[in-house]
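Undergrad: Residue numbers for the sequence shown, in the working numbering: 92 to 258. Here it is, the structure in full.
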Amino acid sequence: MISDKMKVALNEQLNAELYSSYIYLSMSAYFDDINLKGMAAWMKMQSTEEYAHAMKFFDFIIRVGERVNLKQIDNPPASWDSPQAAFESALKHEKSITKRINDLTDLAISEKDHATNTFLHWFVDEQVEEESTVADIVENFKLIADSKGGLFMLDKELGKRTIMPQQ
Ligand code: FEO
Numbered sequence: 092m093i094s095d096k097m098k099v100a101l102n103e104q105l106n107a108e109l110y111s112s113y114i115y116l117s118m119s120a121y122f123d124d125i126n127l128k129g130m131a132a133w134m135k136m137q138s139t140e141e142y143a144h145a146m147k148f149f150d151f152i153i154r155v156g157e158r159v160n161l162k163q164i165d166n167p168p169a170s171w172d173s174p175q176a177a178f179e180s181a182l183k184h185e186k187s188i189t190k191r192i193n194d195l196t197d198l199a200i201s202e203k204d205h206a207t208n209t210f211l212h213w214f215v216d217e218q219v220e221e222e223s224t225v226a227d228i229v230e231n232f233k234l235i236a237d238s239k240g241g242l243f244m245l246d247k248e249l250g251k252r253t254i255m256p257q258q
């Protein structure tokens, strides 16, 4: 039903989503270490969402009758130069994931793989959301600049995040 090339690409994306979960978990630990508990909680939820993304690929690969092939997950960085730098790194990471999803979609289209193409639509939409959310947070950091009070408020705000149900 799906080509060997597509099977390899889907398994690679499963690994990339697990790495995303891992990098945000590492960011959560970093924020906890510098006592920004709201940002730590936000990143932990982001990590949980990424794990759910990985499971969507896991379930899809099995549903189309293919074999899941789990690979080693790379070490994420353990610290960043500043809270803003961590979120800027998250935005850069999300942009790289968007490119991966677009490349996967291009592959599905070129192979006339309608099932995979339709499955990927959710991720195309999700990446627009993810990039927009993180870009807004980076803009908030730019607004507050060096204000300790601003950082405190932003931490409180991000700590209010609740988990979004995955569809
Ligand atoms: Fe699963 Fe944030 O992309």
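Backbone N, C-alpha and C define an ideal beta-carbon position, used for all residues, glycine too.
#1: Residues near ligand 1, CB to any non-hydrogen atom under 6 angstroms, in chain order?
#2: Do the segment 215-235 and the segment 181-198 touch if we need at least three Cβ pairs shorter than 8 angstroms?
#3: Can you name, in chain order, every residue of its own chain whose Cβ lies under 6 angstroms from the Cβ of Q60, other than the five neighbours on each side?
#4: With DSSP collapsed to three states, give me the class of E202.
#5: Using 8 angstroms for Cβ pairs, my map puts D237 next to G129. What's the rounded Cβ distance?
#6: With a CB to CB cut of under 6 angstroms and the five nearest residues on each side skipped, what residues in its chain are close to E179?
#7: Within a Cβ cutoff of 6 angstroms, which residues of the same chain sit near I152, ignoring the five residues on either side of it in sequence?
#8: Hey, out of S201, Q163, S223, whose CA is closest to A181's CA?
#9: Let me confirm a value: T207 is counted as buried when at least 16 other C-beta atoms fall within 10 Å, else exposed. Which label applies?
#10: Measure the alpha-carbon distance for F210 versus D197 and round it to whole angstroms.
#11: Quick check on the DSSP output: the alpha helix (DSSP H) that includes I152 runs from which residue to which?
#12: Would you call the segment 162-175 in contact with the segment 136-145, where contact means no fewer than 3 C-beta pairs closer than 8 angstroms?
#13: Can you tell me whether M92 is buried or exposed? The criterion is at least 16 other CB atoms within 10 Å of its CB, across all chains shown.
#14: Hey, which unbroken runs of the alpha helix (DSSP H) at 4 residues or more fall wholly within the segment 195-256?
#15: Let's test the definition: count the other Cβ atoms within 10 Å of the Cβ of D124 and tell me whether it reaches 16, buried, or not, exposed.
#16: Given a threshold of 16 other Cβ atoms within 10 Å of its Cβ, counted over all protein chains shown, does A169 qualify as buried or as exposed?
#17: Can you say whether L249 is buried or exposed, counting buried as having 16 or more other CB atoms within 10 angstroms of its CB?
#18: Which of the three DSSP states, helix, strand or coil, is assigned to R191?
TA: Result, derived from the coordinates:
#1: With the cut-off at 6 angstroms, the residues found are E108, S111, E141, H144, E185, I188, E221.
#2: When C-beta atoms of the segment 215-235 are compared with those of the segment 181-198, three or more pairs fall below 8 angstroms, so the two segments count as touching.
#3: With the chain represented from 92 up to 258, any question about residue 60 goes unanswered, as that position is not in the structure.
#4: Residue state for E202 is assigned as coil, using DSSP reduced to three classes.
#5: About 19 angstroms; that fails the 8 angstroms criterion.
#6: Beyond the five residues adjoining it in sequence on each side, E179 comes within less than 6 angstroms, by CB distance, of V229 in the same chain, given in chain order.
#7: Correct list, in chain order: L101, V159.
#8: Answer by Cα proximity: S223.
#9: Buried, by the Cβ-count rule.
#10: Rounded to the nearest angstrom, the two C-alpha atoms are 13 angstroms apart.
#11: I152 -> alpha helix (DSSP H) spans 128-154.
#12: Using a C-beta cut-off of 8 angstroms, the segment 162-175 makes no contact with the segment 136-145, since fewer than three inter-stretch Cβ pairs fall below that distance.
#13: Taking all protein chains shown into account, M92 has fewer than 16 neighbouring C-beta atoms within 10 Å of its C-beta and is therefore exposed.
#14: Qualifying alpha helix (DSSP H) stretches, in chain order: 205-235, 239-249.
#15: D124 is exposed by the Cβ-count criterion.
#16: Its Cβ having fewer than 16 others within 10 Å, A169 is exposed.
#17: L249 should be labelled buried.
#18: Helix at R191.
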